[in-house]
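Trainee:
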Amino acid sequence: MEDNKALRSQNWFGKTGKDGFIYRAWMKNQGIPHDEFDGRPVIGICNTWSELTPCNAHFRDLAEAVKIGVYEAGGFPVEFPVMSLGETLIKPTAMLYRNLASMDVEESIRANPIDGVVLLCGCDKTTPSLVMGACSVDIPTLVISGGPMLKGHFKGKDIGTSDVWRFAEAYKLGQISQSEFVEAEACMARTQGHCAVMGTASTMATMVEALGLSLPNNASIPAADARRKVISQFSGRRIVEMVKENLTLSKILTREAFENAIMVNAAIGGSTNFVIHLLAIAGRIGVDLNIEDFDKFSQHIPLLANLQPSGEHFMEDLYYSGGLPAVIKEMSGIIHNDALTVNGKTMGENCADAEVYNRNIVATMENPFKPNSGIAVVKGNLSPNGAVLKPSAATPALMVHRGKAVVFETIEDYHERIDHPDLDIDENSIMVLKNVGPKGYPGMAEVGNMGIPKKLLEKGVHDLVRISDGRMSGTGFGTVVLHVSPEAAAGGNLALVQNGDYISLDVPNRTLNLEVSDEELAERRKNWQAIDMNITRGYVNLYINHVEQAHLGADMDFLKGKSGSTVTRDSH
Ligand code: FES
Ligand code: MG
1 MEDNKALRSQ NWFGKTGKDG FIYRAWMKNQ GIPHDEFDGR PVIGICNTWS
51 ELTPCNAHFR DLAEAVKIGV YEAGGFPVEF PVMSLGETLI KPTAMLYRNL
101 ASMDVEESIR ANPIDGVVLL CGCDKTTPSL VMGACSVDIP TLVISGGPML
151 KGHFKGKDIG TSDVWRFAEA YKLGQISQSE FVEAEACMAR TQGHCAVMGT
201 ASTMATMVEA LGLSLPNNAS IPAADARRKV ISQFSGRRIV EMVKENLTLS
251 KILTREAFEN AIMVNAAIGG STNFVIHLLA IAGRIGVDLN IEDFDKFSQH
301 IPLLANLQPS GEHFMEDLYY SGGLPAVIKE MSGIIHNDAL TVNGKTMGEN
351 CADAEVYNRN IVATMENPFK PNSGIAVVKG NLSPNGAVLK PSAATPALMV
401 HRGKAVVFET IEDYHERIDH PDLDIDENSI MVLKNVGPKG YPGMAEVGNM
451 GIPKKLLEKG VHDLVRISDG RMSGTGFGTV VLHVSPEAAA GGNLALVQNG
501 DYISLDVPNR TLNLEVSDEE LAERRKNWQA IDMNITRGYV NLYINHVEQA
551 HLGADMDFLK GKSGSTVTRD SH
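Note that the numbering used here gives residue 131 to position 131 of the sequence shown, counting from 1, and the numbers run on in steps of one.
#1: Residue ranges of each alpha helix (DSSP H) run of no fewer than 4 residues wholly in the stretch 193-238, ordered along the chain?
#2: Taking Cβ to Cβ, would you say GLY374 is nearer than 9 angstroms to ILE301?
#3: Under the rule that 16 or more other beta-carbon atoms within 10 Å means buried, what is HIS420, buried or exposed?
#4: Since THR364 and GLU409 should fall inside the 8 angstroms C-beta cutoff, what is the C-beta to C-beta distance between them, to a whole number of angstroms?
#5: Who does LEU514 pair with in a DSSP beta bridge?
#6: Within this structure, are the beta carbons of PHE599 and GLY311 separated by less than 9 angstroms?
#7: According to DSSP, what are the bridge partners of ASP158?
#8: Using C-beta distances below 6 angstroms, list every residue in its chain close to SER571, excluding the 5 sequence neighbours before and after it, in chain order.
#9: In the DSSP assignment, find the unbroken alpha helix (DSSP H) run with CYS135 in it and report its ends.
#10: With a 10 Å radius around its C-beta and 16 neighbouring C-beta atoms as the bar for buried, classify HIS277 as buried or exposed.
#11: Hey, how far is the Cα of GLY386 from the Cα of HIS401?
#12: Compare the Cα-Cα distances from GLY173 to each of HIS462, GLU458, THR248 and report the closest residue.
#13: In terms of residue numbering, what span does the alpha helix (DSSP H) encompassing LEU457 cover?
#14: Compute the beta-carbon to beta-carbon distance between ILE425 and LEU456, rounded to the nearest angstrom, for a pair I have assumed lies under 8 angstroms.
#15: Could you have a look at MET263 and say whether DSSP puts it in helix, strand or coil?
#16: Say the cut is 8 angstroms; is the CB of GLU87 nearer than that to a heavy atom of the ligand FES?
#17: Identify every residue that forms a DSSP beta bridge with GLU79.
#18: Could you tell me if the beta carbon of ASP163 falls within a distance shorter than 8 angstroms of some heavy atom in the ligand FES?
#19: Under the assumption that LYS379 contacts THR511 (Cβ atoms under 8 angstroms), give the Cβ distance between them as a whole number of angstroms.
#20: Got a sec: does the ligand FES put a non-hydrogen atom nearer than 8 angstroms to the Cβ of PRO54?
#21: Should the stretch 248-258 be regarded as contacting the stretch 338-345, the criterion being three or more beta carbon pairs within less than 8 angstroms?
#22: Quick one: Cα of GLU620 to Cα of ARG471, how far?
#23: So SER129 packs on ALA101, CB below 8 angstroms; how close in whole Å?
#24: Under 9 angstroms, do GLY476 and TRP165 count as touching if we go by C-beta distance?
#25: Just the Cα atoms here: how many angstroms apart are GLY286 and GLY553?
#26: With the cut-off set at 9 angstroms, would you say THR200 and PHE294 are in Cβ contact?
#27: Is ALA6 buried or exposed, if buried means 16 or more other CB atoms sit within 10 Å of its CB?
#28: ILE503 and ALA354 look like a contact to me (Cβ under 8 angstroms); what is the Cβ gap, rounded to whole Å?
#29: Pick from TYR543, ASP501, ASN509: whose alpha carbon is nearest that of ARG574?
#30: Going by DSSP, which residues form a beta bridge with LEU307?
#31: Between the Cα of LYS390 and the Cα atoms of ASN358, LEU482, ILE544, which residue gives the shortest distance?
#32: Under the three-state reduction of DSSP, which class applies to ASN385: helix, strand or coil?
#33: Ordered along the chain, which non-local residues of its own chain (more than five positions away) have a Cβ less than 6 angstroms from that of SER214?
#34: Can you tell me whether SER179 is buried or exposed, with buried defined as 16 or more other CB within 10 angstroms of its CB?
#35: Is ALA170 helix, strand or coil when you go by DSSP?
#36: Between ALA25 and the ligand FES, is the CB less than 8 angstroms from at least one heavy atom?
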């Protein structure tokens, strides 16, 4: 062990006199013996456990497993809660609070006697918020994901979160009843864990593994599998070593690690939300990454993992087939194999012995499930700073499409009119939804994959080109253009689209254009007014005034970068 005084926790627990008394005495009311304060690594376990975040409701158990590992390695574990963001309950959208939770995480780590931290992440936003906050402090950090649910079974069929959208359509058409719908709820969410498909939570778990921030196999071990506890215990042992090695986040989060994450995200058909979260993380750690990089590094990557919503299977199937290391090994010819990971080994070393046990789940680069995957970034006068689309979840025939806009000014406008029999819409129309971006919703809600009107569903039309400044659930699918930047509420041209305007989308050429002249747009702009949210105080007001646009990661301008881990003043 190196000089104990090097550990930041000794600036609290190693003190003599009044300060040391105060720092230690109250901790001792938890039954902590005096020798725990002797300079051993203090490991924070940053827990997003909450009964309001059902995907993370089993995290107290995982924390206990981490503690066992920390003790085994000679460390001193301290579990602490941070704001927990559950996707399903939080209104108007959990994304509104991602940056707030990241502030909680950052300040909690820095303000406390912690030498290394384990981040317990699960439901979508709990991963980026914790990683972002930790990046701004930059001490040794290791991520454990909560793991996916086991797949659901309903009427003889395997189901997961992507079926919510299918059930919703069937319900609209009267094909399933309300009582069947209720029955499906319990069939789908039958075990602990996060969404079982390659939605945003699984995308984030994959992202941290591909970045090198977790032990191998972290992404796919099911929450209900005993090996989820084992990897937690191993993580507890390892973080103590990482403190001794001073293996900080910035040593792992290099530009190469980010490029690896983008390539792996393409191979597994990850969520479009990956783009804004990875950009925000890069912004915190100080790696230069931009939206074009997502297209550049994923353009030639095929879909290797046959997982919903791009494919057919579930996260547990990926685990049984060899897990993420098996996918990454298939990519060994293109990824940065020498990127360092938290276990002190390189990505290439971690994946060298991985085997694929089921070629129907993990394909080869030569014979992939789909030739196109990843994230396409389209630009044009409708999205000068970019918009994104996920080709593997879209309809091939709509990838080049020109159609007339059917415009919804707000989400309320959409709900009011979408099923009106007189709505002027057909299979060639392009649905446009405004004011659902970072400032406009606020919080950039997952409403971009707006449902198709009933009258078209009845005609058998299940996909239309849809364009908005919002996001889409990682479990969603369709030809959905998202994250239009600048957003309507910030005065982007999206705000000026009118019913009947022609829009052309050309994914192969990466363009998105509104066929309206600059003169006409300038004329329309004279009458445009930003939507008034009537929000004058509190966090949401701070958010609206400081949130950046989607192509920059939707972080707040004043949160970019890091402040390090030093605190010079004592509290008394
Ligand atoms: Fe939590 Fe899907 S709702 S991961
Ligand atoms: Mg989601």
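C-beta: ideal position from N, C-alpha, C; glycine also. Small disclaimer: the values here were computed from a predicted structure and weren't measured.
Mentor: Taking the geometry as given:
#1: Every alpha helix (DSSP H) stretch that sits fully inside the stretch 193-238 and reaches 4 residues is listed by chain position as 200-211.
#2: A distance below 9 angstroms separates the beta carbons of GLY374 and ILE301.
#3: So HIS420 counts as exposed.
#4: Taking 8 angstroms as the upper bound for CB-CB distance, THR364 and GLU409 are not in contact here, some 47 angstroms apart.
#5: LEU514 is bridged to ILE503.
#6: Residue 599 lies beyond the residue range present for the chain, which begins at 1 and ends at 572; the question has no answer from this structure.
#7: According to DSSP, ASP158 bridges with HIS153.
#8: Answer for SER571: no residue qualifies.
#9: Counting along the chain, the alpha helix (DSSP H) containing CYS135 begins and ends at 126-135.
#10: Only buried fits HIS277, as 16 or more other CB atoms lie within 10 angstroms of its CB.
#11: Cα to Cα, the separation comes out at about 18 angstroms.
#12: What sits at residue 173 in the sequence shown is Leu, not Gly. In terms of Cα proximity to LEU173, the closest of HIS462, GLU458, THR248 is GLU458.
#13: Element bounds for LEU457: 454-458.
#14: Indeed, because the Cβ distance is near 7 angstroms, the residues count as touching under 8 angstroms.
#15: Of the three classes helix, strand and coil, the one that applies to MET263 here is helix, per DSSP.
#16: Yes.
#17: Answer is ILE45.
#18: No; taking the cut-off as 8 angstroms, the Cβ of ASP163 has no heavy atom of the ligand FES nearer than that.
#19: For a cut-off of 8 angstroms, the C-beta gap from LYS379 to THR511 is around 7 angstroms, short enough to register as a contact.
#20: Yes, Cβ of PRO54 sits closer than 8 angstroms to a heavy atom of the ligand FES.
#21: Inter-segment contact for the stretch 248-258 and the stretch 338-345 is present: three or more beta-carbon pairs are separated by less than 8 angstroms.
#22: Residue 620 is absent from the model: the chain starts at 1 and stops at 572.
#23: Their Cβ separation, rounded to whole angstroms, is 4 angstroms, which keeps SER129 and ALA101 in contact under 8 angstroms.
#24: A contact, by the Cβ cut-off of 9 angstroms.
#25: Whole-angstrom Cα-Cα distance: 13 angstroms.
#26: In this structure, the beta-carbon distance from THR200 to PHE294 does not fall below 9 angstroms.
#27: Classification for ALA6: exposed.
#28: Contact between ILE503 and ALA354 fails: their C-beta atoms lie close to 44 angstroms from each other, not under 8 angstroms.
#29: Outside the displayed span of the chain (1 to 572) sits residue 574, for which this structure offers no information.
#30: Bridge partners of LEU307: HIS313.
#31: The shortest C-alpha separation from LYS390 is found at LEU482.
#32: Residue state, collapsed to three classes: strand.
#33: If we look at SER214 and ignore the five residues flanking it on each side, its Cβ neighbours are VAL143, VAL208.
#34: Burial is judged here by how many other beta carbons sit within 10 angstroms of a residue's own beta carbon; SER179 has fewer than 16 and is exposed.
#35: Here ALA170 carries a helix assignment [DSSP, helix/strand/coil].
#36: Result no, Cβ not under 8 angstroms from the ligand FES.
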